[in-house]
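Residue numbers (the working numbering), protein chains in the order written: chain A, 28 to 108; chain B, -7 to 374. Each residue gets a CB set at the ideal place from its N, CA and C atoms; glycine is no exception.
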Amino acid sequence: MKNMKDFSLLNNDLVPQHILMPENEVNKVLKEHYLDKEQLPKIKITDPVTLEIGAEVGDVVKIIRKSPTAGEAVIFRLVIE
Amino acid sequence: MAVSQKTIDEMIVNLPLPQNLVDALKNDLQKVKVTKKQLEDIIERSLESYEYARIEPCEAAGVVSAQSIGEPGTQMTMRTFHYAGVAEINVTLGLPRLIEIVDARKNPSTPMMTIYLTEEFAKDRDLARKLAWDIEATHVSHVGSLSTDLTEMVLIIELNEKAISQRGLTSEGVADKLEDELGVPVLANGNILSIRPENESYRELLQLSKNVENIIIKGVKAINRVVISKDDILDEYVLYTEGSALKQTLVFDGVDTTRTNTNNINEVFEVFGIEAARNSIIKEATDTLREQGLTVDVRHIMLVSDIMTVDGEVKAIGRHGISGEKASVLARAAFEVTVNHLLDAGLRGDVDELRGVTENVIVGQPIKLGTGHIKLMTTKKT
């Protein structure tokens, strides 16, 4: 028996790469897409992945998905309560 | 003169194209020799074709998706139970399964897991079999027979020697476990266990016998059956389970945490997060449709799963989910439970901004789709 902490859930095939974004990069992306932070898709602070990468409410997480159509797709999620 | 591989890479790596188009371009350009002029031409034409293939702005993508999934849905079998492939595990398929997925049910009617094993376990049938016994929930009825002796007021469990050793148990171990769970002393005499109720009454004896039947001696509670099967393509043993408990299963030694999967989307969400849930919805919906011989473009399914997961949790399509959260009163009223929505909106004094399609159809205005979304203005030269 191993502990839930002995392995990283980030390695599961279903979980794409999540990257915590620094503030200046977030602003650049938002400007590029003419978006407000609140218009981004959300991710919960209680989500196992946000807990794992140590994001806080208000942070933006960059997600690099493996897409069957585009090969790679980058999306952003705002961390919420 | 042909250009070098390096210049090709430099020129195409930053093009505004999806990754796999860039890769395809790169691969194809490796095979032929092109001049700088030709390369520029190729790039220009690729960009043009890509632009042409993209969906138009203001296109009703959601409606197209809804119809593209809905129409093949009419050809699906309404009620079907099927034994999935080699594993002989009963799973819901066809329309009921698809409905289950888009309704984001907390518990699917036939949860199942596919447990992949780590290298050492995957090649060794005995280790895999042992792990299967460890995971499967073992009840008293699996390892012995239960009888009540009414004259002596005692509950007798006759353990089957072969069954308990097969599951890596001992009669003392079983007795200890039962004692812990029941809180009354359990006497072990070889393979015969006898349990006396606290007070000598028929009712307590019967209650005790019922309790004993429900006790799980070993394994994970939700998992009723584990089937071991050899995957010929991967050349390794894979466990299929009836019932699903991802979190409790991942902690077993020998379980490959990177590949193990369940068909319970809500469980995937709880254990692996929202992005994994999104991937799981796409996978389950595509598999369900494909199993019925229907091909739906994955983009439509991706759109549905995007909408279902946009708020950071898995939401159902329909009255209790996406459609019930529309900003417009008229749009919600047009969908289901019309009177309730209109009445509530009236009581609250809601205002409808008439921004969406449905609202504008109701009031007879041009809808904001396609050309209807564009407003042209002229500036007068003064």
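Proximity test, residue i beta-carbon vs the ligand NAD heavy atom, cut-off 7 Å
{"i": "glutamate 144/B", "result": "Summarising the ligand content, the structure contains no ligands, and the ligand NAD is consequently not present."}
Range covered by the beta strand (DSSP E) that runs through residue i
{"i": "glutamate 150/B", "result": "146 to 151"}
{"i": "glutamate 79/A", "result": "First-last for glutamate 79/A: 75 to 80, but that is the alpha helix (DSSP H), not the beta strand (DSSP E)."}
{"i": "leucine 179/B", "result": "178 to 181"}
{"i": "lysine 442/B", "result": "In the structure displayed, chain B extends from -7 to 374; residue 442/B sits before or after that span and is not available."}
{"i": "threonine 84/B", "result": "81 to 84"}
{"i": "isoleucine 209/B", "result": "208 to 210"}
{"i": "glutamine 44/A", "result": "44 to 47"}
{"i": "isoleucine 184/B", "result": "184 to 187"}
Secondary structure of residue i, DSSP reduced to three states
{"i": "glutamine 199/B", "result": "helix"}
{"i": "methionine 104/B", "result": "strand"}
{"i": "isoleucine 90/A", "result": "strand"}
{"i": "alanine 16/B", "result": "helix"}
{"i": "threonine 249/B", "result": "coil"}
{"i": "serine 315/B", "result": "helix"}
{"i": "leucine 334/B", "result": "helix"}
{"i": "alanine 124/B", "result": "helix"}
{"i": "arginine 347/B", "result": "coil"}
{"i": "isoleucine 354/B", "result": "helix"}
{"i": "phenylalanine 103/A", "result": "strand"}
{"i": "glutamate 192/B", "result": "coil"}
{"i": "glutamate 92/B", "result": "helix"}
Residue i vs residue j beta-carbon contact at 8 Å
{"i": "glycine 160/B", "j": "tryptophan 125/B", "result": "yes"}
{"i": "arginine 104/A", "j": "valine 88/A", "result": "yes"}
{"i": "alanine 325/B", "j": "histidine 333/B", "result": "yes"}
{"i": "asparagine 152/B", "j": "valine 132/B", "result": "no"}
{"i": "phenylalanine 113/B", "j": "glycine 246/B", "result": "yes"}
{"i": "glutamine 22/B", "j": "glutamine -3/B", "result": "yes"}
{"i": "methionine 105/B", "j": "threonine 233/B", "result": "yes"}
{"i": "valine 290/B", "j": "isoleucine 274/B", "result": "yes"}
Environment of residue i [buried if 16+ CB atoms lie within 10 Å]
{"i": "leucine 179/B", "result": "exposed"}
{"i": "glutamate 80/B", "result": "exposed"}
{"i": "valine 5/B", "result": "exposed"}
{"i": "aspartate 227/B", "result": "exposed"}
{"i": "tyrosine 229/B", "result": "buried"}
{"i": "glutamine 357/B", "result": "exposed"}
{"i": "proline 43/A", "result": "buried"}
{"i": "histidine 45/A", "result": "buried"}
{"i": "proline 177/B", "result": "exposed"}
{"i": "glutamine 67/B", "result": "exposed"}
{"i": "threonine 96/A", "result": "exposed"}
{"i": "tyrosine 108/B", "result": "buried"}
{"i": "proline 49/A", "result": "exposed"}
{"i": "glycine 285/B", "result": "exposed"}
{"i": "isoleucine 366/B", "result": "exposed"}
{"i": "leucine 339/B", "result": "exposed"}
{"i": "leucine 368/B", "result": "exposed"}
Nearest-angstrom beta carbon gap, residue j and residue i [assumed within contact, 8 Å]
{"i": "leucine 147/B", "j": "serine 186/B", "result": "7 Å"}
{"i": "leucine 9/B", "j": "tyrosine 42/B", "result": "6 Å"}
{"i": "proline 100/B", "j": "glutamate 92/B", "result": "5 Å"}
{"i": "valine 204/B", "j": "leucine 170/B", "result": "7 Å"}
{"i": "isoleucine 127/B", "j": "phenylalanine 244/B", "result": "6 Å"}
{"i": "aspartate 342/B", "j": "valine 321/B", "result": "5 Å"}
{"i": "alanine 269/B", "j": "threonine 301/B", "result": "6 Å"}
{"i": "glycine 304/B", "j": "isoleucine 266/B", "result": "6 Å"}
{"i": "threonine 287/B", "j": "leucine 90/B", "result": "In fact, because the Cβ distance is near 14 Å, the residues do not count as touching under 8 Å."}
{"i": "serine 163/B", "j": "asparagine 183/B", "result": "5 Å"}
{"i": "alanine 277/B", "j": "isoleucine 293/B", "result": "5 Å"}
{"i": "serine 236/B", "j": "isoleucine 257/B", "result": "That belief does not hold up - the Cβ atoms of serine 236/B and isoleucine 257/B are roughly 11 Å apart, past 8 Å."}
{"i": "glycine 364/B", "j": "alanine 323/B", "result": "In fact, because the Cβ distance is near 16 Å, the residues do not count as touching under 8 Å."}
{"i": "valine 101/A", "j": "aspartate 86/A", "result": "The Cβ separation is near 16 Å, so there is no contact."}
{"i": "lysine 377/B", "j": "aspartate 1/B", "result": "Since the displayed chain B opens at -7 and closes at 374, residue 377/B lies outside it and no answer follows."}
Terminal residues of the alpha helix (DSSP H) in which residue i lies
{"i": "valine 56/A", "result": "50 to 59"}
{"i": "phenylalanine 113/B", "result": "111 to 115"}
{"i": "aspartate 141/B", "result": "From DSSP, aspartate 141/B is part of no alpha helix (DSSP H) but of the beta strand (DSSP E) over 136 to 141."}
{"i": "valine 64/A", "result": "One detail in the question is off: residue 64/A reads as lysine in this sequence, not valine. Premise fails: lysine 64/A is in no alpha helix (DSSP H) and is neither H nor E."}
{"i": "phenylalanine 327/B", "result": "321 to 327"}
{"i": "serine 38/B", "result": "28 to 45"}
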